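*Asks:* Sequence lines, in order, name chains Y and Z.
Residue numbers 1 to 144, in full-length UniProt numbering, belong to the letters of the first sequence in order.
Residue numbers 1 to 986, in full-length UniProt numbering, belong to the letters of the second sequence in order.
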Amino acid sequence: MIKFFLMVNKQGQTRLSKYYEHVDVNKRTLLETEVIKSCLSRSNEQCSFIEFKDFKLIYRQYAALFIVVGVNDTENEMAIYEFIHNFVEVLDEYFSRVSELDIMFNLDKVHIILDEMVLNGCIVETNRARILAPLLILDKMSES
Amino acid sequence: MALTVVSQIFPREMIPAVLPLIEDKLQHSKEIIRRKAVLALYKFHLIAPNQVQHIHIKFRKALCDRDVGVMAASLHIYLRMIKENSSGYKDLTGSFVTILKQVVGGKLPVDFNYHSVPAPWLQIQLLRILGLLGKDDQRTSELMYDVLDESLRRAELNHNVTYAILFECVHTVYSIYPKSELLEKAAKCIGKFVLSPKINLKYLGLKALTYVIQQDPTLALQHQMTIIECLDHPDPIIKRETLELLYRITNAQNVTVIVQKMLEYLHQSKEEYVIVNLVGKIAELAEKYAPDNAWFIQTMNAVFSVGGDVMHPDIPNNFLRLLAEGFDDETEDQQLRLYAVQSYLTLLDVENVFYPQRFLQVMSWVLGEYSYLLDKETPEEVIAKLYKLLINDSVSSETKAWLIAAVTKLTPQAHSSNTIDRLIQEFTISLDTCVRQHAFELKHLHENVELMRSLLPVDRSCEDLVVDASLSFLDGFVAEGLSQGAAPYKPHHQRQEENLSQEKVLNFEPYGLSFSSSGFTGRQSPAGISLGSDVSGNSAETGLKETNGLKLEGIKKLWGREGYLPKKESKTGDESGAPPIPQESIMENVDQAITKKDQSQALTQSKEEKEKQLLASSLFVGLGSESTVNLLGKADTVSHKFRRKSKVKDTKSGETTTTHNMTCSSFGSLSNAAYEDDYYLNTLHDRGDKELKKFSLNSELLDSESLTELPLVEKFSHCSLSTPSLFADNNMEIFHPPQSSAASVANESSLASSFLEETTEYIHSDVMKVCNNETISVSSNKVWKDDCLLMVWSVTNKSGLELKNANLEIFPAENFKVTEQPGCCVPVMEAESTKSFQFSVQIEKPFTKGNLSGFISYHVMDTHSAQLEFSVDLSLLDFIRPLKISSEDFGKLWLSFANDVKQNVKMSESQAALPSVLKTLQQKLRLHIVDVIGNEGLLACQLLPSIPCLLHCRIHADVLALWFRSSCSTLPDYLLYQCQKVMEGS
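1) Using a Cβ-Cβ cut-off of less than 7 Å, give me the residues of the stretch 166-190 of chain Z that come near chain Y, in sequence order.
2) Shorter than 8 Å from the beta carbon of S969 (chain Z) to some beta carbon of chain Y?
3) Nearest CA to the CA of G12 (chain Y): which residue from Y:L57, Y:D54, Y:I67 and Y:Q46?
4) Just to confirm my understanding: we take K198 (chain Z), look at its own chain, exclude 5 residues before and 5 after, and list those with CB closer than 6 Å. What are they?
5) Report the three-state DSSP secondary structure of S871 (chain Z) (helix, strand or coil).
6) Please go through the same chain and pick out, in chain order, the residues whose beta-carbon is closer than 6 Å to the beta-carbon of L152 (chain Z), but skip the five residues on each side of it.
7) Would a C-beta distance cut-off of 8 Å place I131 (chain Y) and R15 (chain Y) closer than the cut-off?
8) Checking contacts by CB at 8 Å: is R139 (chain Z) closer than that to chain Y?
9) Label S86 (chain Z) either buried or exposed according to how many other C-beta atoms from any shown protein chain fall within 10 Å of its C-beta, with 16 as the threshold for buried.
10) Considering only the alpha carbon of each residue, which of Z:V70, Z:R66, Z:H28 and Z:F837 lies closest to L39 (chain Z)?
11) Comparing the C-beta of G131 (chain Z) with each C-beta of chain Y, is any distance below 8 Å?
12) Could you tell me how far apart the beta carbons of residue 988 (chain Z) and L951 (chain Z) are, in whole angstroms, since I believe they sit closer than 8 Å?
13) Apart from the five residues just before and just after G854 (chain Z), which ones in its own chain have a Cβ nearer than 7 Å to its Cβ?
14) Spell out the partners DSSP gives D900 (chain Z) in its beta bridges.
15) Say whether the stretch 85-105 of chain Y touches the stretch 179-194 of chain Z, bearing in mind that this needs 3 or more beta-carbon pairs closer than 8 Å, one atom from each stretch.
16) Please state the DSSP three-state secondary structure of C64 (chain Z).
17) Would you call A63 (chain Y) buried or exposed, if buried means 16 or more other Cβ atoms sit within 10 Å of its Cβ?
18) If you measure beta-carbon to beta-carbon, which residues of the stretch 67-88 of chain Z are closer than 7 Å to chain Y?
19) Between which two residues does the beta strand (DSSP E) harbouring D931 (chain Z) extend?
20) Whole angstroms is fine: what's the gap from Y174 (chain Z)'s alpha carbon to V103 (chain Z)'s?
21) Which class does A133 (chain Y) belong to by DSSP, given the choice of helix, strand or coil?
22) Count the other CB atoms within 10 Å of the CB of P948 (chain Z); is the residue buried (16 or more) or exposed (fewer)?
23) Can you tell me the Cα-Cα spacing of Y265 (chain Z) and V212 (chain Z), whole angstroms?
24) What are the residues in the stretch 199-213 of chain Z lying within 9 Å of chain Y by C-beta distance?
25) How about the stretch 203-219 of chain Z and the stretch 230-238 of chain Z: do they share at least three Cβ pairs that are nearer than 8 Å?
26) Of the choices Z:T256, Z:L231 and Z:Q253, whose alpha-carbon is the least far from that of L245 (chain Z)?
27) To which residues of the same chain is N72 (chain Y) closer than 6 Å at the C-beta, ignoring the five residues directly before and after it?
28) List, in order along the chain, the chain Z residues whose C-beta lies closer than 7 Å to that of E51 (chain Y)?
29) Considering only DSSP beta bridges, list what Q942 (chain Z) is partnered with.
30) Straight-line CA distance for D91 (chain Z) to N797 (chain Z)?
31) Taking the alpha carbon of Q260 (chain Z) as the point to measure from, which residue in Z:I282, Z:R358, Z:E271 and Z:M311 has its own alpha carbon closest?
32) Could you give the DSSP three-state label for F112 (chain Z): helix, strand or coil?
33) Threshold first: 3 residues or longer. Then list the beta strand (DSSP E) segments lying entirely within the UniProt domain "AP complex mu/sigma subunit" (1-141) of chain Y, N to C.
34) Can you round the beta-carbon distance between V435 (chain Z) and S394 (chain Z) to whole angstroms, since I take them to be within the 8 Å contact cut?
35) Near K135 (chain Z), what residues of its chain come up, given a Cβ to Cβ distance below 6 Å and the 5 sequence neighbours on each side ignored?
36) Taking Cβ to Cβ, would you say N851 (chain Z) is nearer than 8 Å to D873 (chain Z)?
What follows is the structure, given as structure tokens:
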């Protein structure tokens, strides 16, 4: 099960964070800094899974942006690893060549996309067309 | 959109209001809305499974939905439900398999593909479900072999996501009932992973290996070189995963190397969590497999000095217990202790080194207890060393207390007492109360040497001091106080209750505070017998006794009664304690052979390679020989002395590795006990071997009950290797004395086809017709016996024909353990006769409602065979029996249980009287009324086989306050539910 989903840039600024398990708000920042520190300290040759406290971190780097997912023991690491890529593909399709700025200024939309894909810590949808369908309807409504 | 919100945040209380709306949406024409509705239901299931129980049928509909998305969403619900109770959903295996087949075969719309792999996450989800369903169940597993094979074959594209699927496949293949071909393929996959240059795959491979190794240690041999490489990998995560793998394959031969590797890693790592985890593992391995004393003490020293204060407190406690209780061989003990003392003295000699507080505490205790074993150094010197530590500022006050205690223990042996006098002088004015207390004790004892000798005898640390826990010596004082008009002492909770009943104001949580504090108020039962325990002692008498009490505190904490039990048991089982020498030499031969082989291979390779090879051979030596061992039928008995200690725990955990070792080690004991066994086997030989099935059912019970009869189990478990068919019977004899007698009774009864007269001595339910067709009809009834639930199915042959090979089988169910009583296969059933089949059912974990299903198969006139399925509902109440105990026992038990549940039930005026309530509970729920005190009632019951549950109920106006406590965490909830139902019904 997925515990949290983070998007952090290289400077350690959190761009998006979503928790699927209750974590105190003041503990979140602490956790985020620790997580990003351990991700940044790793090189390309090292593997993308980190055992961190009693759970695991799976991260992937896209230019200056890190996407880090915290999961518990039962999850399949490789599946999550690919899931991150799937998420980025969806973003890419929606924003057409997504950049960090897109995410900063359209945080609500990124959240809608993420909510479509992950619910209660489970991956619920991976079909790109279906993930974007509700969002496109919303966009159409706001235009008209 | 609203549905999305529902599935994210939703309060439990609002479910009933919204549920119908969502159920409507399940029929909506748009698939996205159906999907969201299912997900919302999933959320409901997560937060309150009871409230959506009635719509399970709708989940099934969702599973068969024509849209893939809806179906995929329903899988989440199923994964969760199957995790909780896999037996209930076995019938869905077929559908899951077909779905997976379709997905793998590419029957889904193209837009579900991800990098041309069809719906990978869906596949993973399905594989996970199949793995859960097929666990230990051959029939269900057989259904999925084909599709697993197919997925393994299809997933050969070189893409990350296919690796994820492969990994899940391997996982599933190894968790279901094994099939050799699939295992082979899975092993090949793992090999591919491990050898892959991609680091992520390597990690995955290691993880899979760790998982698989428990079932098949030979696989590690194939990949030993890769593992060695991973051990020196620059990536610490890979290293750690490798160590985890090694931890699983540790045995007596390779323990030194593995622990050394672990310590190396430990010295490098800084993260606290890693240290705690690793230190625990090292300590466990060291205790289990240590080859000799020196190594053991040194390893533990390293553990203590690195692990320091972050490690789990159990580790030093276990270590000290091991030292104190010793093994069977007295000289061995002395050596171990002596070695420990010496090593600590040398450690203390080193200047300017800071040890963690825990380590110092351990040292001071050991020195205090066992310094007398030293020849050269006198107690004075030891005391001087301890004193040096005492005046060190970096030592915490808790440790100082330990140190002074050690000095106190040494004082009677010391002749001169300069240091002691100085110590007393300095610390009686210490600001820390605890230290001062100890110092004063030392002072007083020092003045009275006789008393001191008797109080602190040499080497008696593990014998319990007898201390009056009820403080009865204060009774006189209390009586005096009472006669002078003092109010009797009331326990805290009683006072609270009195206050509450006086106030009679908003009484929401009547007991909220009282029981959280009852732990401190002492051993009073809620019935409330008052005893003076808060008398502060200033008199001379109390002072003296108090030191006695403190002594107890220092010692008992470490090895109380619990610590004692395993020792006694292991003593009885240690006939084989001394390892037979020939076995050892065989082992050595094997070792040499392996090393030689490795060396000859390595001749052509570089020197570095050679070293690795050596390391490999030393790491895997145990495993390598184990395969030989199986042939020889002998095993590593070297490790016993340390393992025996923890064996009780081991059997409980029942891991495959340990059980394997157990059977091996039992071989040694078998030779001693062969005579007895043969005798047993012969006497039992003529009993039929059709009861083989029982073995598998009982084996779990075997683990739990083996605490007291451990050595016997070992012997018998070895017997099972040679004569498995007899094992079932042996097992029955030992562990089911009540059942086997019941079986013999049942035997008679099945011969006489009517059963009612035999079972009338127990309460039984009415006969209920469960299924029938034109030839036979099956009816069932339940007999609530004292030790189990006996299900009796009686089969009536209605036709005029003779039936052959009538056989009744019950499907295994997760919550139950079903044991067949003899006589269940009837060769011939005459026309229009009735036969009965009996099964005793035991519960494994509490539930509200369970289901037991089975089938009956028979042949009509040799040719035509038929089968008829049926099922019976069981409720928790079928397994509840009254627990007859006294109010005092009730009080004791009450305090010892941790899980409690409270609930107020509103009642109508008419029934709001305690006697009537109690009567209902007694009749409907079969609770035993322990006592009635005023408007409170105490009841007790037990869930078979023996989980007690206590109920305290109180009537307050028209509200009945129910309060359950039990040793099982879930039982109170279920009972409460039953109680509420009963109270509503009456």
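Glycine included, every Cβ here is placed at the ideal spot set by N, Cα and C.
Note that the coordinates shown come from a computational prediction; the quantities given were computed from them, not determined experimentally.
*Replies:* Taking the geometry as given:
1) Residues passing the 7 Å Cβ filter: F167 and E168.
2) Not an interface residue.
3) Y:I67
4) none
5) strand
6) C169 and K185
7) no
8) no
9) By the Cβ-count criterion, S86 (chain Z) is buried, with 16 or more other Cβ atoms from all chains shown falling within 10 Å of its own Cβ.
10) Z:V70
11) no
12) This structure cannot speak to residue 988 (chain Z), because chain Z is shown only from 1 to 986.
13) L808, E809, I810, F811 and F870
14) Residue pairing from DSSP places D900 (chain Z) in a beta bridge opposite Z:R965.
15) no
16) coil
17) exposed
18) G69, A73 and H76
19) Annotation: the continuous beta strand (DSSP E) that includes D931 (chain Z) extends over H928 to I933.
20) 22 Å
21) Of the three classes helix, strand and coil, the one that applies to A133 (chain Y) here is helix, per DSSP.
22) buried
23) 24 Å
24) So the close ones are I199, N200, L201, K202, Y203, L204 and K207.
25) yes
26) Z:L231
27) M1 and F55
28) I237 and R240
29) According to DSSP, which records beta bridges pairwise, Q942 (chain Z) is partnered with Z:R881 and Z:P948.
30) 28 Å
31) Z:I282
32) helix
33) Whole beta strand (DSSP E) segments, 3+ residues: 2-9, 14-19, 49-52, 55-62 and 65-71.
34) Going by Cβ atoms, the distance from V435 (chain Z) to S394 (chain Z) rounds to 15 Å, so no, they are not a contact pair.
35) S175
36) Yes, they are a contact pair.
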